[in-house]
Amino acid sequence: MDAIILQILNGLDKGGAYALIALGLTLIFGTLGVVNFAHGALFMLGAFCAVAFSRLLTISERVRDESVTFFEAYKEIPYLTLWYGDTGQAIVDWAVPLSILLAIPVMLLIGFAMERGLIRFFYKRSHAEQILVTFGLAIVLQEIVKYFFGANPIPMTAPPALAGSADIGALFGMSNISYPMWRIVYFLFSLAVIALVFAFLQLTTFGMVVRAGMADRETVGLLGINIGRKFTIVFGIAAVVAGLAGVMYTPILAPNYHLGMDFLVLSFVVVVVGGMGSLGGAVIAGFLLGILQSLASMTEIKAIVPGIDQIIIYLVAVVVLLVRPRGLMGRRGVMEA
Numbered sequence: 019m020d021a022i023i024l025q026i027l028n029g030l031d032k033g034g035a036y037a038l039i040a041l042g043l044t045l046i047f048g049t050l051g052v053v054n055f056a057h058g059a060l061f062m063l064g065a066f067c068a069v070a071f072s073r074l075l076t077i078s079e080r081v082r083d084e085s086v087t088f089f090e091a092y093k094e095i096p097y098l099t100l101w102y103g104d105t106g107q108a109i110v111d112w113a114v115p116l117s118i119l120l121a122i123p124v125m126l127l128i129g130f131a132m133e134r135g136l137i138r139f140f141y142k143r144s145h146a147e148q149i150l151v152t153f154g155l156a157i158v159l160q161e162i163v164k165y166f167f168g169a170n171p172i173p174m175t176a177p178p179a180l181a182g183s184a185d186i187g188a189l190f191g192m193s194n195i196s197y198p199m200w201r202i203v204y205f206l207f208s209l210a211v212i213a214l215v216f217a218f219l220q221l222t223t224f225g226m227v228v229r230a231g232m233a234d235r236e237t238v239g240l241l242g243i244n245i246g247r248k249f250t251i252v253f254g255i256a257a258v259v260a261g262l263a264g265v266m267y268t269p270i271l272a273p274n275y276h277l278g279m280d281f282l283v284l285s286f287v288v289v290v291v292g293g294m295g296s297l298g299g300a301v302i303a304g305f306l307l308g309i310l311q312s313l314a315s316m317t318e319i320k321a322i323v324p325g326i327d328q329i330i331i332y333l334v335a336v337v338v339l340l341v342r343p344r345g346l347m348g349r350r351g352v353m354e355a
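With the working numbering as the guide, the letters of the sequence shown map in order to residues 19 to 355.
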């Protein structure tokens, strides 16, 4: 039972990443009708925003290590620590969550640039052409990151206060169940971002216009609303959501240049299972498939069906598409003959 609870928790934080990426994908497809294969690259760029911010905060000075008396020894101390003492060191320690402050404007600008510079020229083109051009863009972004940051994974650490494990056994009336605190933080963070996106779309005038545009873009345009400008902003918001997912995931999985590709295909499967254009479906499918993948990775399950953890998501997608082609919460007629 302990192992099942731990795997469900693993599935929740993994599902949080799937849900956030799929949420952005669904926003873009629902508003612009664009199949964006570069969306995984936005997740990767968010992760490297955290890397860049951390490196900026840890610019160091080489100073003599007074603790070594037998010979001259030196150590690197961040300037923030030298200038501000414990406060500066705390800023360095909390580099990952603080990098959100950099990631939000950077990802917003990247989203605007992608939409205005490339995506808008493919609104009325076929999905095959959209896939080809956005997949090519993803490869370009991947190679740029590889050039500047190298090909090897870059380990990132959670803040010391959140780097340990939490005893969650008490929550289930059990003992000896501990779970990494940062993974719990990531799950809660993903819920907060999802709630903010839905609140924005449901409770604001801008969100109302966007939802109307998702349902009938032509009619909204006839009302004199510049829906194109609003959709550009939505593309930027989707980029921010993917970027924030990448930022906070860095202590869980060390960033590397192909991180986006690793999550891209899985996220598209999540979107298809949830229902193309359904925001709620993307979120539910993200958490559901994350939990199923984690449960399938249990040794007992793999002993019965070897390799099931690698294909479980695709098996679920096949079953859903055969039984309900529009997905769990997709609109009638979408992906149906």
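Just so you know, even glycine gets a beta-carbon here, dropped at the ideal spot from N, CA and C.
Does the separation of the CB atoms of residue i and residue j fall below 8 Å?
{"i": "Thr49", "j": "Glu133", "result": "no"}
{"i": "Leu241", "j": "Gly293", "result": "no"}
{"i": "Val258", "j": "Leu126", "result": "yes"}
{"i": "Val163", "j": "Phe66", "result": "yes"}
{"i": "Gly64", "j": "Phe281", "result": "no"}
{"i": "Gly245", "j": "Leu284", "result": "First, the amino acid is wrong: residue 245 is Ile here, not Gly. No, Cβ-Cβ distance for Ile245 and Leu284 is not below 8 Å."}
{"i": "Asp31", "j": "Phe205", "result": "yes"}
{"i": "Tyr197", "j": "Ala176", "result": "no"}
{"i": "Tyr97", "j": "Ile118", "result": "no"}
{"i": "Leu68", "j": "Thr223", "result": "The question names Leu, but residue 68 in the sequence shown is Ala. Contact flag unset, no."}
{"i": "Ala56", "j": "Leu120", "result": "no"}
{"i": "Arg229", "j": "Leu221", "result": "no"}
{"i": "Gln311", "j": "Gly29", "result": "yes"}
Considering only DSSP beta bridges, list what residue i is partnered with.
{"i": "Tyr92", "result": "Arg82"}
Suppose you measure from the CA of residue i to the CA of residue j; what does that come to, to the nearest Å?
{"i": "Ile326", "j": "Leu333", "result": "9 Å"}
{"i": "Gly295", "j": "Val287", "result": "13 Å"}
{"i": "Leu180", "j": "Val203", "result": "8 Å"}
{"i": "Thr152", "j": "Arg80", "result": "44 Å"}
{"i": "Ser208", "j": "Arg82", "result": "43 Å"}
{"i": "Thr99", "j": "Leu75", "result": "10 Å"}
{"i": "Pro178", "j": "Met62", "result": "24 Å"}
{"i": "His276", "j": "Gln160", "result": "7 Å"}
{"i": "Ala321", "j": "Asp20", "result": "19 Å"}
{"i": "Val124", "j": "Phe88", "result": "48 Å"}
{"i": "Met279", "j": "Phe253", "result": "19 Å"}
{"i": "Tyr165", "j": "Pro273", "result": "14 Å"}
{"i": "Ala70", "j": "Leu136", "result": "26 Å"}
{"i": "Ala210", "j": "Val336", "result": "31 Å"}
{"i": "Pro343", "j": "Ser72", "result": "44 Å"}
{"i": "Arg138", "j": "Gly51", "result": "11 Å"}
{"i": "Val215", "j": "Lys93", "result": "45 Å"}
{"i": "Ile243", "j": "Leu60", "result": "29 Å"}
{"i": "Ala355", "j": "Leu340", "result": "Confidence is the limiting factor: at Ala355 the pLDDT is only 48, short of 50, which leaves the residue's position unreliable and the question unanswerable from this model."}
{"i": "Met256", "j": "Leu45", "result": "Residue identity check: residue 256 is Ala in the sequence provided, not Met. Taking the straight line joining both Cα atoms gives about 7 Å."}
{"i": "Gly348", "j": "Val291", "result": "9 Å"}
{"i": "Ala113", "j": "Trp101", "result": "17 Å"}
{"i": "Ile309", "j": "Gly33", "result": "7 Å"}
{"i": "Ile270", "j": "Met199", "result": "11 Å"}
{"i": "Ile95", "j": "Asp104", "result": "12 Å"}
{"i": "Ala213", "j": "Met226", "result": "16 Å"}
{"i": "Gly168", "j": "Ile128", "result": "21 Å"}
{"i": "Gln107", "j": "Arg247", "result": "42 Å"}
{"i": "Glu236", "j": "Gly42", "result": "22 Å"}
{"i": "Ile109", "j": "Val323", "result": "47 Å"}
{"i": "Glu90", "j": "Leu307", "result": "56 Å"}
{"i": "Ile186", "j": "Met266", "result": "21 Å"}
When every heavy atom of the ligand SAM is checked, does at least one fall within less than 7 Å of the C-beta of residue i?
{"i": "Leu307", "result": "No copy of the ligand SAM occurs in the structure displayed, which carries no ligand at all."}
At 4 residues or longer, and completely inside the segment 166-252: list those alpha helix (DSSP H) runs for me, N to C. Counting only runs of 4 or more, we get 199-221, 223-233, 235-240.
Does the segment 38-54 come close enough to the segment 255-265 that 3 or more CB-CB pairs lie under 8 Å? Flag = yes, the segment 255-265 and the segment 38-54 touch.
Would you say the segment 25-32 touches the segment 309-319, given that touching needs at least three Cβ pairs under 8 Å? With the cut-off at 8 Å, the segment 25-32 and the segment 309-319 touch.
With a threshold of 8 Å, are at least 3 pairs of Cβ atoms found where one atom belongs to the segment 295-314 and the other to the segment 137-150? Taking 8 Å as the limit for Cβ pairs, the verdict is that the segment 137-150 does not touch the segment 295-314.
Could I get the ranges of all uninterrupted beta strand (DSSP E) runs contained in the segment 35-70, with 3 residues as the minimum, in chain order? Runs of the beta strand (DSSP E) inside the segment 35-70: none found.
Segments of 4+ residues assigned as alpha helix (DSSP H) that fall wholly inside the segment 114-153: The alpha helix (DSSP H) runs lying completely inside the segment 114-153 and spanning 4 residues or more are 118-135, given in chain order.
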